[in-house]
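So the sequence lines, in the order shown, correspond to chains A and B.
For the first sequence, the positions run 1 to 323 when the numbering used here is used.
For the second sequence, the positions run 1001 to 1323 when the numbering used here is used.
2 protein chains.
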Amino acid sequence: MGRAASRTVDVAPLVGRARAADARAVARLISLVESDSPALREVARALAVLPGRARVIGLTGAPGVGKSTTTSALVRALRSDAQRVGVLAVDPSSPFSGGALLGDRVRMQDHATDQGVFIRSMASRGQLGGLAAAVPQALRVLDAAGFDTVLIETVGVGQAEVEIASLADTTVLVLAPGLGDGIQAAKAGILEVADVYVVNKADRDGADQVVRDLRYMQSLGGRHSDAGAWRPPIVRTVASRDEGVVDLLAALAKHEDWMRGCGELQRRRRARAAAEIESLALGEVRLRFAAVHGSAALTAAADRVVNGATDPYTAAEELVAAL
Amino acid sequence: MGRAASRTVDVAPLVGRARAADARAVARLISLVESDSPALREVARALAVLPGRARVIGLTGAPGVGKSTTTSALVRALRSDAQRVGVLAVDPSSPFSGGALLGDRVRMQDHATDQGVFIRSMASRGQLGGLAAAVPQALRVLDAAGFDTVLIETVGVGQAEVEIASLADTTVLVLAPGLGDGIQAAKAGILEVADVYVVNKADRDGADQVVRDLRYMQSLGGRHSDAGAWRPPIVRTVASRDEGVVDLLAALAKHEDWMRGCGELQRRRRARAAAEIESLALGEVRLRFAAVHGSAALTAAADRVVNGATDPYTAAEELVAAL
């Protein structure tokens, strides 16, 4: 399946079918934006003029806190409200993600026969930066396909996970007692970007302590100390029994109202679009460098660095100047 | 300590002291190249004209195979040969690396009082691509400081670890029985880039099977099937008892001879310098984008993407064109 085969993709009818809630067309479009195929730009162009109204909610947290269970409980609650729900399960940190994501998918089988739910796993496949480009495009596909809410669930709480979760309008940090997650989360900076805290497994010992730790950290100030600023609420859940999910939905709705009221939603979406444009522009520059890679000029510069005639920073400046 | 303080770093005497085997000066120079300080370029320029003769050996492998023990055994063997040895322990995958690297450092305490050994831990601190720039510069510092051999030890076998290990002249993959590492390693592509295989814990059950698996994979061909090509030797070690370390040193010396004889060493160093130049050039472009980030043009482009007036790919092309 070379370039010729990829070119035969007829994007317009595919987009039309996706907008008519055809799950296979949605899946095909996401595959196209994931694979960096020649059709990617055509898909992006076709989707650009179809901004939808999807609310995008990111869920992150350490392994074991019950992210998938919380996601699944949210899907059930939103479905009972007749919403169409998309789920992107993203593992940015590992090329060996098959296992974990397969586990998530198995747990999500509750929804396997529900036409109103679309679930997709995305892994990095070792391409650093690949997900940073692919996830926003996958979001656009689901948005254009008319999903009311899209949940982005990430595995782990590393920097890459925080970045992925931040692609959402609202970011939820899921914590649970007994895992020392508060500290881990603080290290990765996720406490700062979370809009809603969920203390899951709230029926277990230690849940009160997690809530107290969060309140204490909030009391230390930071960005939430200004008047009119959003103060992330703390919601207790037992997601496996659907307890607290109504409270979580209420907190999410309240955050959305706040964002719309003060212009924060537009500000966030603009900042994300700017970051996405920059990221794609860097990819374009990388391609141009790749075109000169192996060229006589770069080989000569590399030889000069190896032989000590110049340093790599000076050589890099010359390469940029030659663009 | 702002820009003014950083500017007071007097690089030339620092380089002079590092070349006179002053460990504190070496440590200070590595901190400078790690921190992306204004002095970084000055250090790079001062080091460029001092290409040393350090042999660089990368060690990678899954957690638990005994990489640190193998590194430590190699250090002992090289020290008994009166070589000065540098060790860079690198964890590219996690911002939470303190624990693992601290563990390594504790194990390396055998060498803590030996002036001929310099050990340094480097972690990504959440900066994607940061290590890709910092590790080559740290290598240059150790090279200029006159170390005979530098060992780069990475944690794990992910794509980033493979890239770091590939900065070496010779890449060693450490395996051990009972961990299923063969499969993991194959996924990450490390089997393809390794020049020497070490089967550590060779006194345990299953070691013969690991050797057989490696031989079978080698028999399947690939890059090593050409006449005159390097066929990675398989060395059995029990690093905790220094067994097999002489064989490992012999295999490393043989690989070095082969590389020098056929021009592979120069080819590898040139390819690494070219990749480093490209990486630094991309960083420079990123800085230029950052300068326009928040500018009226980018904000306007982001708004047009949010509102569906254009797609991010077209906007990115316009941004590159505006450079």
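Even glycine gets a Cβ: it sits at the ideal position worked out from N, Cα and C.
Extent of the continuous beta strand (DSSP E) run through residue 1054 (chain B): Residue 1054 (chain B) -> no beta strand (DSSP E), and no H or E assigned at all.
Beta carbon proximity, residue 1154 (chain B) to chain A, threshold 8 Å: no
Close beta carbons around residue 206 (chain A), own chain, < 7 Å, minus the five adjacent residues each side: 177 and 178
Any chain A beta carbon closer than 8 Å to residue 1049 (chain B): yes
Close beta carbons around residue 4 (chain A), own chain, < 6 Å, minus the five adjacent residues each side: In this prediction, residue 4 (chain A) scores a pLDDT of 41, lower than 50, which makes its location untrustworthy; no coordinate-derived value is stated.
Local conformation of residue 1235 (chain B) per DSSP, three classes: strand
Cut-off 8 Å between Cβ atoms - residues of its own chain near residue 136 (chain A), not counting five sequence neighbours on either side: 167, 272 and 276
With 16 other Cβ atoms within 10 Å as the buried cut-off, status of residue 1081 (chain B): exposed
8 Å Cβ cutoff, residue 303 (chain A) in contact with chain B: yes
Chain-order list of residues whose beta-carbon lies under 8 Å from that of residue 1215 (chain B) (same chain, five-residue window excluded): 1234
N- and C-terminal bounds of the beta strand (DSSP E) containing residue 295 (chain A): No beta strand (DSSP E) holds residue 295 (chain A); DSSP gives it neither H nor E.
Own chain, CB closer than 8 Å to residue 1247 (chain B), minus 5 neighbours either side, in chain order: 1235, 1236 and 1237
8 Å Cβ cutoff, residue 312 (chain A) in contact with chain B: yes
Closest Cα partner of residue 85 (chain A) within the set A:62, A:164, A:265 and A:120: A:120
Residue 1114 (chain B) to residue 1083 (chain B) span [Cα, whole Å]: 12 Å
Contact between the region 1196-1211 of chain B and the region 1040-1049 of chain B (3+ Cβ pairs under 8 Å): no
Cα-Cα separation between residue 58 (chain A) and residue 307 (chain A), rounded to whole angstroms: 50 Å
Contacts of residue 1299 (chain B) in chain A (Cβ-Cβ under 8 Å): 270 and 274
Bridge-paired residues (DSSP) for residue 173 (chain A): A:60 and A:197
Contacts around residue 285 (chain A), its chain only, beta-carbon distance under 6 Å, and the 5 residues preceding and following it disregarded: none
Pairwise C-alpha distance: residue 134 (chain A) and residue 1256 (chain B): 42 Å
Where residue 1086 (chain B) sits in the DSSP three-state scheme: strand
Inter-residue spacing [alpha-carbon to alpha-carbon] between residue 1055 (chain B) and residue 195 (chain A): 50 Å
Distance, residue 1017 (chain B) Cα to residue 1118 (chain B) Cα: 15 Å
Under 9 Å by beta carbon: chain B residues contacting residue 284 (chain A): 1313, 1316, 1317, 1319 and 1320
Chain B within 8 Å of residue 308 (chain A), Cβ atoms only: yes
Limits of the unbroken alpha helix (DSSP H) element including residue 1252 (chain B): 1245-1262
Chain B within 8 Å of residue 14 (chain A), Cβ atoms only: no
Neighbouring residues, chain B, relative to residue 41 (chain A) (Cβ below 9 Å): 1311, 1313 and 1314
Closest by C-alpha distance to residue 228 (chain A), when choosing among A:317, A:264 and A:116: A:264
Rounded Cβ spacing between residue 169 (chain A) and residue 259 (chain A) (contact assumed at less than 8 Å): 7 Å
Cross-strand partners of residue 310 (chain A) (DSSP beta bridge): Beta-bridge pairing links residue 310 (chain A) to no other residue.
Residue from B:1026, B:1035 and B:1074 whose Cα sits closest to the Cα of residue 1252 (chain B): B:1074
Residue 1278 (chain B) at chain A interface by Cβ criterion, 8 Å: yes
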